[in-house]
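J.: Sharing a structure here in structure tokens format.
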């Protein structure tokens, strides 16, 4: 039980990510909006001087807020994978995932057939404005769904993440690790074309 608690030396490891992960920037923006609502920085300082608080109370409040921020960051570090898997649809039972995959595959096939029909019409330049808009929308929708049926996910976010992850490899045979200085010397022929 105690082994799951964060170590003291690890608390300040990701100090630069604290403002981004803990919502600190959000609350800072809210504070700036509140100060603006009061009438600006001078009015805020005037209001702040009227408050009868001791320096000890203010320093205690700052320490408590800092502890809450560090706790939130460490809690997010343990929960981010769980929440991402939840949003990608891994929580669904297998039978429901299979059913959703069938429905999604049918829908994608229908959209792909319609897009091919509109693409043929576009080549002969006989598209109306509404058909052109439909073509653009279908192209945009299909861009964020993986081409391979086995790579499709049950949720829209999962499909988006998987498509973005696989698109460079499908188009160029390049993985993320193969890019670097002078990577053109070692590119497959398919990627040189693209």
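In this note's numbering, the protein residues as written are 543 to 736.
Cβ atoms here follow ideal geometry from the backbone N, Cα and C, with glycine treated the same way.
As the structure is a computational prediction, the values presented were derived from the model and not from experiment.
Would DSSP call residue 694 helix, strand or coil?
T.: Taking the first residue of the chain shown as 1, we reach residue 694 at position 152. Correct three-state label for residue 694: coil.
J.: Is it right to say residue 635 is buried, meaning 16 or more other beta carbons lie within 10 angstroms of its own, or is it exposed?
T.: In the chain shown, residue 635 corresponds to position 93, counting from 1. Looking at its Cβ environment, which holds fewer than 16 other Cβ atoms inside 10 Å, residue 635 is exposed.
J.: Which residue's Cα is closest to the Cα of residue 683: 649, 638, 615, 633?
T.: Residue 683 sits at position 141 when you count from the first residue of the chain shown. Of the listed residues, the one whose Cα sits closest to residue 683 is 649.
J.: Say whether the region 667-675 touches the region 693-701, bearing in mind that this needs 3 or more beta-carbon pairs closer than 8 Å, one atom from each stretch.
T.: no
J.: What residue range does the alpha helix (DSSP H) around residue 638 cover?
T.: The count along the chain shown starts at 1 and reaches residue 638 at position 96. First-last of the alpha helix (DSSP H) with residue 638: 636-665.
J.: For residue 615, does the count of other Cβ atoms within 10 angstroms reach 16, so buried, or fall short, so exposed?
T.: Counting from 1 along the chain shown, the entry for residue 615 is found at position 73. Label assigned to residue 615: buried.
J.: List the whole-angstrom C-beta distance separating residue 698 from residue 688, where the pair is believed to meet the contact cut-off of C-beta under 8 Å.
T.: Within the chain shown, residue 698 is the residue found at index 156, counting from 1. Within the chain shown, residue 688 is the residue found at index 146, counting from 1. The pair is not a contact, with the Cβ atoms about 12 Å apart (cut-off 8 Å).
J.: When you compare the CB positions of residue 577 and residue 586, do they come within less than 7 Å of one another, or not?
T.: Reading the chain shown from its first residue, position 35 is the one you call residue 577. Reading the chain shown from its first residue, position 44 is the one you call residue 586. Result yes, Cβ atoms of residue 577 and residue 586 sit closer than 7 Å.
J.: Is the beta carbon of residue 630 less than 7 Å from the beta carbon of residue 700?
T.: Position 88 of the chain shown, counted from the start, is the residue given in the question as residue 630. Position 158 of the chain shown, counted from the start, is the residue given in the question as residue 700. In contact: residue 630 and residue 700 (Cβ atoms closer than 7 Å).
J.: For residue 602, does the three-state DSSP call read helix, strand or coil?
T.: Your numbering for residue 602 matches position 60 in the chain shown. Correct three-state label for residue 602: helix.
J.: Residue 652 and residue 680: beta carbons closer than 7 Å?
T.: In the chain shown, residue 652 corresponds to position 110, counting from 1. In the chain shown, residue 680 corresponds to position 138, counting from 1. Not closer than 7 Å, so no.
J.: What residue range does the alpha helix (DSSP H) around residue 632 cover?
T.: What you label residue 632 is simply residue 90 of the chain shown in a count that begins at 1. Here residue 632 belongs to no alpha helix (DSSP H), and DSSP marks it neither H nor E.
J.: Between the alpha carbons of residue 620 and residue 602, how many angstroms are there, rounded?
T.: As a working mapping, residue 620 is identified with position 78 in the chain shown. As a working mapping, residue 602 is identified with position 60 in the chain shown. About 27 Å.
J.: Excluding sequence positions up to five away, which residues of its chain have a Cβ less than 8 Å from the Cβ of residue 656?
T.: As a position in the chain shown, residue 656 is number 114, starting the count at 1. So the list reads 676, 680, once near-sequence residues are dropped.
J.: Alpha carbon to alpha carbon, how far is residue 582 from residue 644? Give it in angstroms, no decimals.
T.: Here the question's residue 644 lines up with position 102 in the chain shown. Here the question's residue 582 lines up with position 40 in the chain shown. Distance between the alpha carbons of residue 644 and residue 582 is about 58 Å.
J.: Going by beta carbon distance, what residues of the same chain come within less than 7 Å of residue 584, once the five residues before and after it are set aside?
T.: Walking along the chain shown from the start, residue 584 turns up at place 42. Excluding residues within five positions, none has a Cβ falling inside 7 Å.
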